[in-house]
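Line by line, the protein sequences give chains P and H. First residue of the first sequence? That's 2 in our numbering, and the numbers climb one at a time after it. First residue of the second sequence? That's 609 in our numbering, and the numbers climb one at a time after it. C-beta: ideal position from N, C-alpha, C; glycine also. Each remark here refers to the structure printed beneath this line.
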Amino acid sequence: MTIWVRLFLMSLAAWPTWVQADVNVFACEPEWGALTQELGGDKVKLFTATSALQDPHRIQARPSLIAKMRQADLVVCTGAELEIGWLPVLLRESGNNRVQPGGPGYFEAARTVNLLERPSRLDRAGGDIHPAGNPHIQGDPRNLLPVADGLAQALGQIDASNAGYYQGRLMDFKRRWQGALQKWSQRAARLRGVAVVMQHRDPYLPAWLGVHAVAELEPLPGVEPSAAHLATVLARLKQTPAKMILRPAYFSPRPSEWLAERAGIPVVELPFSVGGSPAAKDLFGLYDDTLDRMLEASK
Amino acid sequence: MYVRRTLLASAIAMAFAMPAQADNSDDIAAIRKEIEAMRQNYEARIQALEAQLKQAERHTSQAKADAAEPTAADHATPPAAANSFNPEIGLILTGRYANLKDVPNRHITGFLPLGPAAAGMRRGFTADASELSLAADIDPDFRGQANLVYEDGTGATVEEAYFQTLSLGSGFTLKGGRFRSAIGYMNEQHPHAWDFVDNPLMYQALFGEGYGQDGVQLKWLAPTDLLVELTGELGRGADFPGSDRNKNGAGDATLGLHLGGDVGLSNSWRGGIAYLRTRAENRAFFGLDPAGTALTGDFTGRSRTWLADFIWKWTPNGNPRETNFKFQTEWFQRSESGSLACTRCIASPYASEQSGWYVQSVYQFMPMWRIGYRYDRLDRGTARLDGADIGSTIASLADYSPSRHSLMLDWSPSEFSLVRLQYARDKSMAGLAENQVALQYVYSLGAHGAHKY
């Protein structure tokens, strides 16, 4: 009799450990994959859907992605309609009710930060604009702090037994990140006020570094650079010279090289996300390398 | 925590409710002592946990305050309005110019056509087949979508109007209403998503534009890294090759299996097989007799179709932005048996076994520009009326192998616009070798749902 009572009580105490298993995380972009790894440690099983060499606006809803979405417990994406061309298909085709928008298994990084460039006029004549604001929030590493808060909370919500573990890792990450931010802002002091040309519109990197974007290679967001537009940019650079052209790794190098040759300024290939360059192995490396490359070009 | 406390309490209660089994009073005292010790132990642990939780909460609110400095979210509440929950509305505008020969009684030789009149692409300018789509999540459990198409002659038709479950889970999705069947690859695609101006001869002979269902579809996805998707449908079976029958129960049934995955970073594929069984009752058709005069007739019997499809896509490093390549092929086999009657023939036993395929490739050689080639081929196979080849009675069903070469070039300055030029060498009708030229536009306004693979 006593043995039965004891066994019963022991089984009650032990029950949370039965259901304990790795949290399957589906990260849309490598920066959020890397952040999930920082916060989730060995409690998460991570799948990153895209690489830094892929344009996150234009991903094909491949069968392999649907199969991965089917198994996910948590989806971590940018949001702000960056993935509108493929993520909704994956979610609907997956037959997975754990990760549908509105539920605890669906996390959008853009919802935790203040988006810049919220368009005042919604018209596709303005190019590929996003009604919620510009979604490339990882251009500014300071945005990673609120995103990390939200993500740790989301992880703790779907895996309550490890909530403390995620909070602990969050504290540790934030401490290291604050340190890195300080280091970066000291290193970037030399870039303040420097004029740059950007391939694709991104207000976050200039906001972080204090660089000044004088022109974009894309005539409108998401529209391919045309010869006519490049000529206009070249003419503008004669008036207001820039120090460098910034191009995310996933864009074709041709338009920027064409302009660089004629304007006599260097092209800086930015990693844009984790894995976008050999040195951008993790989140810290991503911004280290971004700064290294820009500082090198500004000499 | 509450649940655990209650369970603990009931466990203790249970222990006390069965004193008869423990006849030794010392034993009972010992158990009481043990339980008391356990209770105290649990109380202490619960208190410790509560303290930890409070501390964690303090940390988070502190952290939130810290992070607020550069970029915390400020979600301006949008003003309340009655139209806030309007569905996603999308409008597809299409139109074309086609330069064709004036061919009376145009048909695909060897195959029973879809209706009692000849059909085909119209000559000159046309701007029909514009498509309006409405879609929204209905509630946390369902999503709804409707597609309305306007076509000259038929007017507005409801092409699709269905609900789809969002919350079944375990890989299951149930669809119900009017929808495009999941058989084959192109069947679910609407014309604006086609890579050529027209659809393959195979689809034209099989279903016209596509096989629609009024019914239900259950889909299951296996929890594996390889995509394994099983689909089954039951429907009214009113669409060609079936016909509307006045009956209870399901008029048709389909089964399908799809597999798919990646090969390295740059390649992905999907392949599948599907089966459709349906019946036709007095399914009217049009034909030509050996003298070349038009006749009409009808078919009653069963129709069975097998379809296989394979798609392979190449995108360098998984990035389709600059260049990409798509290879696509489908094959079918259809057997029909029953009885066929026509203006110049009395109802006799009819049996056919026919097949066909197409293969096509589309290459984006630079941003915005794509070039594509398609080859269509059909095989009439056997078609016998009362034991003899049907060609001797109905000349438009004579033994012939329709084929077509198509070449296209398209330009899409954004995801929302496309202009396409197509040239085809069409031999789908016996005695005809036609050069066809078509120029087409497809514009997408408003919400435009993401396309499937």
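query: For E32 of chain P, collect the residues of the same chain with a Cβ closer than 6 angstroms to its Cβ; drop the 5 residues on either side in sequence, then sort them by chain order.; result: Q139, S274 and V275
query: To be precise: take each residue of the stretch 74-90 of chain P, compare its Cβ to all Cβ atoms of chain H, and keep it if any distance is under 7 angstroms. Which residues remain?; result: I85, G86, W87, P89 and V90
query: Shortest alpha-carbon distance to S876 of chain H belongs to which of H:D847, H:F935 and H:R731?; result: H:F935
query: Does the beta carbon of S257 of chain P sit closer than 8 angstroms to a beta carbon anywhere in chain H?; result: no
query: In the DSSP assignment, find the beta strand (DSSP E) that holds W828 of chain H and state where it starts and stops.; result: G820 to L829
query: According to DSSP, P957 of chain H sits in a beta bridge with which residue or residues?; result: H:S947
query: Does L92 of chain P come out as helix, strand or coil in the three-state DSSP assignment?; result: helix
query: How should D173 of chain P be labelled, buried or exposed, when 16 other C-beta atoms within 10 angstroms of its C-beta is the threshold for buried?; result: exposed
query: Between G732 of chain H and A743 of chain H, how many whole angstroms is the CB-CB distance? I'm expecting something under 8 angstroms.; result: With a Cβ gap of about 34 angstroms, G732 of chain H and A743 of chain H do not count as contacting.
query: Where does the unbroken alpha helix (DSSP H) through F252 of chain P begin, and where does it stop?; result: Where F252 of chain P is concerned, there is no enclosing alpha helix (DSSP H), given that its DSSP letter is neither H nor E.
query: For a contact meaning CB atoms closer than 8 angstroms, what does F1024 of chain H contact in chain P?; result: R125
query: Starting from the beta carbon of F780 of chain H, find every residue of chain P whose beta carbon is closer than 7 angstroms, and list them in chain order.; result: G96
query: Which stretch, first to last residue, makes up the beta strand (DSSP E) that contains L117 of chain P?; result: Where L117 of chain P is concerned, there is no enclosing beta strand (DSSP E), given that its DSSP letter is neither H nor E.
query: Which one of H:Y983, H:D897 and H:N925 has the shortest CA to CA distance from E938 of chain H?; result: H:Y983
query: When every heavy atom of the ligand FMN is checked, does at least one fall within less than 7 angstroms of the C-beta of L1015 of chain H?; result: With respect to the ligand FMN, the structure offers nothing, as it holds no ligand at all.
query: So that I know if they touch, is there some Cβ in chain H lying closer than 8 angstroms to that of A62 of chain P?; result: yes
query: Check each candidate in P:R59, P:K44 and P:V45 and name the one with the smallest Cα separation from T51 of chain P.; result: P:R59
query: Beta carbons nearer than 7 angstroms to chain P: which residues of the stretch 925-957 of chain H have them?; result: N925, G926, N927, P928, R929 and E930
query: Would you tell me roughly how many angstroms separate the C-alpha atoms of S1014 of chain H and L708 of chain H, rounded to the nearest one?; result: 14 angstroms
query: If I measure Cβ to Cβ from L782 of chain H and keep anything under 6 angstroms in the same chain, skipping five residues before and after, which residues do I get?; result: T773 and L826
query: Indicate the three-state DSSP secondary structure (helix, strand or coil) for V970 of chain H in the structure shown.; result: strand
query: Use the C-beta contact count for P147 of chain P: other C-beta atoms within 10 angstroms, 16 or more gives buried, fewer gives exposed.; result: buried
query: Between the beta-carbon of L867 of chain H and the beta-carbon of G879 of chain H, is there less than 8 angstroms?; result: yes
query: Return the chain-ordered ranges of every beta strand (DSSP E) run that is complete within the stretch 702-771 of chain H and spans a minimum of 3 residues.; result: 732-734, 738-745 and 750-759
query: Can you pull the chain H residues whose beta carbon is under 8 angstroms from the beta carbon of K282 of chain P, in chain order?; result: Simply none; closest approach about 18 angstroms.
query: Report yes if the CB atom of R844 of chain H is closer than 8 angstroms to the CB atom of D870 of chain H, and no otherwise.; result: no
query: Could you tell me the distance, in whole angstroms, from the CA atom of G1039 of chain H to the CA atom of S741 of chain H?; result: 41 angstroms
query: Along the chain, which unbroken stretches of the beta strand (DSSP E) at least 3 residues long are found entirely within the stretch 983-1044 of chain H?; result: 1011-1022 and 1025-1035
query: Could you spell out the range, first to last residue, of the alpha helix (DSSP H) harbouring I266 of chain P?; result: Where I266 of chain P is concerned, there is no enclosing alpha helix (DSSP H), given that its DSSP letter is neither H nor E.
query: Measure from the C-beta of D833 of chain H to each C-beta in chain P and report whether the shortest distance is under 8 angstroms.; result: yes
query: Name the residues in the stretch 685-712 of chain H whose C-beta lies less than 9 angstroms from a C-beta of chain A; which are they?; result: Absent here is chain A; the protein component of the structure consists of chains P and H.
query: Less than 6 angstroms between C-beta atoms, sequence neighbours within five positions excluded: which residues of the same chain meet that for S956 of chain H?; result: L993 and D994
query: Which residues share a DSSP beta bridge with V77 of chain P?; result: P:A28 and P:F108
query: Could you compute how far the alpha carbon of W802 of chain H sits from the alpha carbon of G1054 of chain H?; result: 20 angstroms
query: Mind pulling the chain H residues with CB within less than 7 angstroms of E225 of chain P?; result: P975 and M976
query: Am I right that T832 of chain H and A28 of chain P are in contact with their C-beta atoms under 8 angstroms? What's the rounded C-beta distance?; result: Contact doesn't hold; Cβ gap of about 20 angstroms is too wide.
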